[in-house]
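Q:
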Amino acid sequence: MSSPFASLLGTNYCPKDTEIVQIRDFLIDHLLRLKRLDDEIAVMRKALDTIIEERDTLKTYVEAHKALISPFRQLPVDIIEAIFLACLPTHRNCVMSAREAPVILGRICRPWRIISQSFPPLWSSLHIVEPRRPYHARAGLYEAKISQRQEVAITWLQRSGTCPLSISLVDDNIDAIPGSLVNLLIPFAPRWQEITLSVPSLTLKTLSCLTENDVPLLKDLAIAQRLERGNDSALLSLSPVLHAPSLSRFSLSGSNIHYSYLPLRLSHLTALTLVGAEQWGAENVAQSCQIFLEIFYQCSQLRTCTLRVHERPGEYLQDSVVECPFLHTLNLFCTSSVLYTAGRLLSRLSVPVLQDFEIYGDWRTDPSEAYNASGGDSLWAFLATCARLKFIATDHATFSKYRLMDFLRNLPPTIQRFRIVPSGHIFEASPDPILPVLEELTVDDGHFVVSVEVLLRFIVSRIPTLRRVDIAVARERQVDILPALQPFVEPGLKISVTYSTSPPLPFSPWQGLPDAQSAL
Numbered sequence: 001m002s003s004p005f006a007s008l009l010g011t012n013y014c015p016k017d018t019e020i021v022q023i024r025d026f027l028i029d030h031l032l033r034l035k036r037l038d039d040e041i042a043v044m045r046k047a048l049d050t051i052i053e054e055r056d057t058l059k060t061y062v063e064a065h066k067a068l069i070s071p072f073r074q075l076p077v078d079i080i081e082a083i084f085l086a087c088l089p090t091h092r093n094c095v096m097s098a099r100e101a102p103v104i105l106g107r108i109c110r111p112w113r114i115i116s117q118s119f120p121p122l123w124s125s126l127h128i129v130e131p132r133r134p135y136h137a138r139a140g141l142y143e144a145k146i147s148q149r150q151e152v153a154i155t156w157l158q159r160s161g162t163c164p165l166s167i168s169l170v171d172d173n174i175d176a177i178p179g180s181l182v183n184l185l186i187p188f189a190p191r192w193q194e195i196t197l198s199v200p201s202l203t204l205k206t207l208s209c210l211t212e213n214d215v216p217l218l219k220d221l222a223i224a225q226r227l228e229r230g231n232d233s234a235l236l237s238l239s240p241v242l243h244a245p246s247l248s249r250f251s252l253s254g255s256n257i258h259y260s261y262l263p264l265r266l267s268h269l270t271a272l273t274l275v276g277a278e279q280w281g282a283e284n285v286a287q288s289c290q291i292f293l294e295i296f297y298q299c300s301q302l303r304t305c306t307l308r309v310h311e312r313p314g315e316y317l318q319d320s321v322v323e324c325p326f327l328h329t330l331n332l333f334c335t336s337s338v339l340y341t342a343g344r345l346l347s348r349l350s351v352p353v354l355q356d357f358e359i360y361g362d363w364r365t366d367p368s369e370a371y372n373a374s375g376g377d378s379l380w381a382f383l384a385t386c387a388r389l390k391f392i393a394t395d396h397a398t399f400s401k402y403r404l405m406d407f408l409r410n411l412p413p414t415i416q417r418f419r420i421v422p423s424g425h426i427f428e429a430s431p432d433p434i435l436p437v438l439e440e441l442t443v444d445d446g447h448f449v450v451s452v453e454v455l456l457r458f459i460v461s462r463i464p465t466l467r468r469v470d471i472a473v474a475r476e477r478q479v480d481i482l483p484a485l486q487p488f489v490e491p492g493l494k495i496s497v498t499y500s501t502s503p504p505l506p507f508s509p510w511q512g513l514p515d516a517q518s519a520l
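In the numbering used here, the protein residues as written are 1 to 520.
1. Grab me the residues of SER125's own chain with a C-beta within less than 6 Å of its C-beta, minus the 5 sequence neighbours each way, in chain order.
2. Roughly how many angstroms lie between the CA atoms of LEU354 and HIS65, to the nearest whole one?
3. Count the CB pairs spanning the region 191–198 and the region 138–154 that are closer than 8 Å, and state whether there are at least three.
4. Helix, strand or coil for GLU531? Go by DSSP, reduced to three states.
5. Find out if the Cβ-Cβ distance for the pair SER347, SER300 is shorter than 8 Å.
6. State the DSSP-derived secondary structure class of PHE326, mapped to helix, strand or coil.
7. To the nearest angstrom, how far is it from the Cα of SER160 to the Cα of TYR142?
8. By the 10 Å Cβ neighbour count, where 16 or more other Cβ atoms means buried, how is PHE357 classified, buried or exposed?
9. VAL469: buried (16+ other C-beta within 10 angstroms of its C-beta) or exposed?
10. Any idea which residues DSSP pairs THR394 with across the strands?
11. Which residue's Cα is closest to the Cα of VAL309: ARG388, PHE5, PHE292 and PRO240?
12. Which ranges does the beta strand (DSSP E) cover as unbroken runs of at least 3 residues, wholly within the region 255–318, from first to last along the chain?
13. Tell me which same chain residues have a C-beta within less than 8 Å of the C-beta of THR162, skipping the five on either side of it?
14. Quick one: what's got a C-beta closer than 6 Å to LEU244's C-beta in the same chain, skipping five residues either side?
15. Determine the extent of the beta strand (DSSP E) in which THR498 is found, giving its start and end residues.
16. Taking HIS127 as part of the beta strand (DSSP E), name the residues at either end of that continuous run.
17. Roughly how many whole angstroms lie between the Cα atoms of ARG303 and GLN74?
18. Would ASN465 and LEU438 qualify as a contact pair, given that the criterion is a beta-carbon distance under 8 Å?
19. How would you label THR341, buried or exposed, when you count the other beta carbons within 10 angstroms and need 16 or more for buried?
20. In whole angstroms, give me the CA-to-CA distance for LEU539 and PRO15.
21. Compare the beta carbon distance of LEU389 and ILE359 with 8 Å and say whether it is the shorter of the two.
22. Between the alpha carbons of MET1 and GLU53, how many angstroms are there, rounded?
23. If we ignore side chains and look at the alpha-carbon of each, how far apart do PRO483 and ILE495 end up?
24. Give me the residue from ASP395, THR394 and PRO413 with the minimum Cα distance to ALA387.
25. Rounded to whole angstroms, how far is the Cβ of LEU269 from the Cβ of LEU238, which I believe are closer than 8 Å?
26. According to DSSP, is ALA144 part of a helix, a strand, or is it coil?
27. Pull the bridge partners of ILE223 from the DSSP assignment, please.
28. With distances taken between CB atoms, is the gap from PHE188 to LEU221 smaller than 8 Å?
29. Could you tell me the alpha carbon to alpha carbon distance between ALA282 and CYS289, rounded to whole angstroms?
30. Just tell me which of VAL43, THR385, ARG113 and PRO4 has its CA closest to the CA of LEU27.
31. Going by C-alpha distance, which of VAL182, THR11 and THR306 is nearest LEU332?
32. So, at 7 Å on beta carbons, what are the nonlocal neighbours of TYR259 in its own chain, with the 5 sequence-adjacent residues on each side left out?
33. Using the Cβ count rule (16 or more neighbours within 10 Å means buried), how would you classify GLN511?
34. Tell me the rounded alpha-carbon separation between GLY361 and LEU404.
35. What first and last residue would you give for the alpha helix (DSSP H) that runs through GLU53?
36. If you follow the beta strand (DSSP E) that ILE434 is part of, which residue opens it and which one closes it?
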């Protein structure tokens with residue numbers, strides 16, 4: 001289309017009055033054509049909309065029929081049940097929530113609801129939380145929540161049929177009355193297989209009516225008590241349960257009872273955790289290296305072990321070495337001098353297949369350099385014998401800076417995974433490279449005192465072998481450090497950075513679980 005004003009188009013030229021009249025006359029025919037085109041487009045668009053609507057209606061009709069013959073609907077029930085089982089959490093028990101399996105599986109359609117509710121293995125694990133009593137809540141709210149939890153728990157466990165049960169119970173209330181939900185578990189005791197109890201002493205005593213014959217399937221028992229008077233008597237009231245014939249995994253925390261009082265079948269145990277209480281004068285409690293050596297001697301089948309140890313200078317220690325031929329995981333929490341305590345205990349242990357080792361404590365409790373030197377030599381000698389060691393974990397409070405670097409340099413070259421709550425100097429350059437074949441690095445940093453630059457340099461220096469980096473910061477995100485790490489991601493390297501969130505709500509069904517915050 002030619003125009004007498006072509007040379008002026010797209011310029012800042014201001015036409016004269018006569019030119020304005022000419023432009024208007026020139027556009028008359030073009031405006032009429034533009035109107036006709038708009039009308040044609042409107043007609044065609046309306047026709048297209050009609051066709052699209054007809055097509056969408058037909059598609060919905062066809063898809064509804066195709067759904068009837070979808071492959072998933074043709075799956076046998078046992079295959080669907082297997083898929084449902086794969087939806088369950090594998091690192092903890094199931095939660096009373098419609099946000100995850102098995103409850104959510106019954107919210108999809110009626111056939112799935114029938115299958116899920118009639119398949120007992122889906123309901124064989126359960127995490128129960130005794131609701132916290134809020135300080136300010138309307139009358140009857142707490143009682144209604146308790147009643148709801150009771151009804152759900154009973155229905156849940158009844159759906160489990162005759163399956164062995166894995167149950168965890170958490171009660172953080174400080175009331176001087178036992179929790180009400182624990183009573184619901186007693187009728188199901190013959191099917192208990194894995195039980196975790198984090199409850200007050202009075203609640204624990206509620207289970208004193210059980211005998212070892214009432215829990216024939218019990219294999220795994222974990223008890224976490226609060227620091228309160230009556231802990232020991234409450235624990236001793238469970239003596240028949242502690243002597244269960246099938247019990248092979250036992251964990252006790254929050255109680256400083258002398259372990260010889262526990263009627264455990266030590267020769268049956270494959271996993272043992274005895275960490276006692278962190279307060280009330282741990283140094284006055286009999287949990288010395290010698291006591292644990294005697295326990296090791298009786299636990300000939302032990303595979304994993306976690307201990308809190310306190311050793312006084314000059315305390316008696318046997319000369320003979322205890323053989324632990326199957327022990328592959330050992331975690332030590334030292335309430336006295338770390339080097340002295342760990343050195344004395346480990347110098348009397350033979351652990352030929354040890355693969356995972358964690359050590360924690362407070363280097364400020366070290367009594368003297370002489371004890372440190374001898375303990376350090378014993379610890380370094382122990383590490384030198386661990387030819388299969390692959391995983392190490394510690395924190396910056398366990399050793400002084402000087403001793404920590406000694407510890408890292410004395411680690412065998414087989415270490416592939418490393419977890420630490422660090423101070424800044426951990427990742428600084430060293431003339432002797434530490435952890436040369438590191439594959440996994442976990443940094444649990446409460447306040448992220450490690451600079452991004454130092455951490456980046458360490459990660460880059462381990463790129464040839466490093467496959468995974470996990471960083472956890474115990475605060476809400478203020479500065480996102482992931483973009484700074486992203487340029488260094490090589491093919492095959494995975495990096496995860498997580499931040500803490502708000503604490504669980506008073507009635508949260510995830511309370512007491514390691515992923516309680518991520519479930520919010």
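Just so it is clear, CB atoms sit at the ideal spot from N, CA and C, and this is done for glycine as well.
None of the values given here were measured: they were computed from a predicted structure.
A: Let me lay it out:
1. ASN93, CYS94 and SER166
2. Answer to the nearest angstrom: the Cα atoms are 59 Å apart.
3. no
4. The structure shown does not extend to residue 531, since the chain spans only 1 to 520, so no value can be given for it.
5. Going by C-beta atoms, SER347 is not nearer than 8 Å to SER300.
6. coil
7. 27 Å
8. Buried, by the Cβ-count rule.
9. buried
10. ILE420
11. PHE292
12. 271–276 and 304–309
13. PRO120 and ARG191
14. Here residue 244 is Ala; the residue named in the question, Leu, does not match the sequence. Excluding sequence neighbours, ALA244 sits near GLU212, VAL215 and LEU218.
15. 494–499
16. 125–130
17. ARG303 and GLN74: Cα-Cα distance of roughly 45 Å.
18. Position check: residue 465 holds Thr in this sequence, whereas Asn was assumed. For THR465 and LEU438, yes; Cβs fall inside 8 Å.
19. Classification for THR341: buried.
20. There is simply no residue 539 to check, as the chain begins at 1 and stops at 520 in what is shown.
21. no
22. 38 Å
23. Linking PRO483 to ILE495 through their CA atoms gives a straight-line distance of about 11 Å.
24. PRO413
25. With 8 Å as the limit, LEU269 and LEU238 do not qualify as a contact, their Cβ atoms being about 16 Å apart.
26. helix
27. In the DSSP output, where bridge partners are listed per residue, ILE223 has LEU197 and LEU252.
28. no
29. Confidence in ALA282 is poor, its pLDDT being 46 and thus under 50, which makes the residue's placement unreliable; the coordinate value appears in the next sentence. Going from the Cα of ALA282 to the Cα of CYS289 covers about 14 Å.
30. PRO4
31. THR306
32. Once the five neighbours on either side are set aside, the close Cβ partners of TYR259 are LEU274, ILE291 and ILE295.
33. buried
34. 12 Å
35. 17–68
36. From DSSP, ILE434 is part of no beta strand (DSSP E); its letter is neither H nor E.
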